[in-house]
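Peer 1:
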Amino acid sequence: MFQVTIALSFVSALLAPATVGAQQQPEANDPAYWGDDCFKIDEGTGDDTFRATRDYRLVVLKSGTVNDVFEDVEAGDVLSTASGRNVSHLILCTAVVSTTTTTTTIATTTTTTSGAPP
Numbered sequence: 325m326f327q328v329t330i331a332l333s334f335v336s337a338l339l340a341p342a343t344v345g346a347q348q349q350p351e352a353n354d355p356a357y358w359g360d361d362c363f364k365i366d367e368g369t370g371d372d373t374f375r376a377t378r379d380y381r382l383v384v385l386k387s388g389t390v391n392d393v394f395e396d397v398e399a400g401d402v403l404s405t406a407s408g409r410n411v412s413h414l415i416l417c418t419a420v421v422s423t424t425t426t427t428t429t430i431a432t433t434t435t436t437t438s439g440a441p442p
């Protein structure tokens with residue numbers, strides 16, 4: 325039983341987004357602390373997880389006195405608090421979306437001959 329638990333924990337850790345660490349400073353509850361692209365959702369999730377519906381640069385799950393921080397979160401990722409306590413609020417930082425626009429220019433040449441045909 326002990327070996328199975330360790331194996332499952334190891335597999336879960338490999339599949340989860342990178343966890344930066346727990347931040348416990350009071351200012352860490354302010355979205356501006358994490359960046360200009362961050363916003364706060366004051367309602368918790370009702371349990372200890374959050375399923376991302378889009379890509380995020382950063383997600384902070386607040387549970388108790390701990391902020392669990394995840395980087396490079398992709399749509400569909402399920403994040404869990406390290407403590408197993410319910411999420412009381414979230415801070416979400418949007419992913420940088422880059423778009424590439426390609427413009428193609430086609431040159432045309434028109435030749436006009438004046439005068440009488442030879």
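If you're matching positions, the sequence shown starts at 325 in this note's numbering and goes up one per residue.
Every residue, glycine too, gets a C-beta built ideally from N, C-alpha and C.
#1: Would you decide whether T429 is buried or exposed? Buried here means 16 or more other CB atoms lie within 10 Å of its CB.
#2: Could you check what DSSP says for E367 in three-state terms: helix, strand or coil?
#3: Which residue wins for smallest C-alpha separation from D396, given the options S387, T389, V383?
#4: Ordered along the chain, which non-local residues of its own chain (more than five positions away) have a Cβ less than 7 Å from that of T405?
#5: Since A399 and A376 are thought to touch, with beta carbons under 8 Å apart, how far apart are those beta carbons, to the nearest angstrom?
#6: Compare the Cα-Cα distances from G359 to each of R409, S407, V390, R381 and report the closest residue.
#7: Let me know if F374 comes out buried or exposed under the rule of 16 or more other beta-carbons within 10 Å of its beta-carbon.
#8: Helix, strand or coil: how does DSSP classify E398 here?
#9: The alpha helix (DSSP H) with P355 in it runs from where to where?
#10: Taking Cβ to Cβ, would you say L414 is nearer than 7 Å to I365?
#11: Between the beta-carbon of D361 and the beta-carbon of C417, is there less than 7 Å?
#12: According to DSSP, is M325 helix, strand or coil?
Peer 2: Quick answer:
#1: One-based indexing of the sequence shown puts residue 429 at position 105. T429 should be labelled exposed.
#2: Residue numbering aside, residue 367 sits at position 43 when the sequence shown is read from its first letter. In this structure, E367 counts as coil in the three-state DSSP scheme.
#3: Residue 396 sits at position 72 when you count from the first residue of the sequence shown. Checking every option, the nearest Cα to that of D396 belongs to V383.
#4: The count along the sequence shown starts at 1 and reaches residue 405 at position 81. Within the same chain, T405 has close Cβ partners D372, L385, S387, D392, V411.
#5: In the sequence shown, the residue the question calls residue 399 occupies position 75. In the sequence shown, the residue the question calls residue 376 occupies position 52. Correct: roughly 6 Å between the Cβ atoms.
#6: To locate residue 359, count along the sequence shown from 1; it is residue 35. Among R409, S407, V390, R381, the Cα nearest to that of G359 is on R381.
#7: Counting from 1 along the sequence shown, the entry for residue 374 is found at position 50. Classification for F374: buried.
#8: Indexing the sequence shown from 1 puts residue 398 at position 74. Look at E398 here: in three-state DSSP terms it is coil, with no helix or strand label.
#9: By 1-based counting over the sequence shown, the position of residue 355 is 31. 355-358 is the extent of the alpha helix (DSSP H) around P355.
#10: The sequence position of residue 414 within the sequence shown is 90, counting from 1. The sequence position of residue 365 within the sequence shown is 41, counting from 1. Contact annotation: L414 and I365 have beta-carbon atoms nearer than 7 Å.
#11: For the purposes of this step, residue 361 is taken as residue 37 along the sequence shown, with counting starting at 1. For the purposes of this step, residue 417 is taken as residue 93 along the sequence shown, with counting starting at 1. Yes, these two residues count as a Cβ contact at 7 Å.
#12: In the sequence shown, counting from the first residue as 1, residue 325 sits at position 1. Low per-residue confidence applies at M325: pLDDT is 47, beneath 50, and the placement is therefore not dependable, though the value from the model is reported in the following sentence. Correct three-state label for M325: coil.
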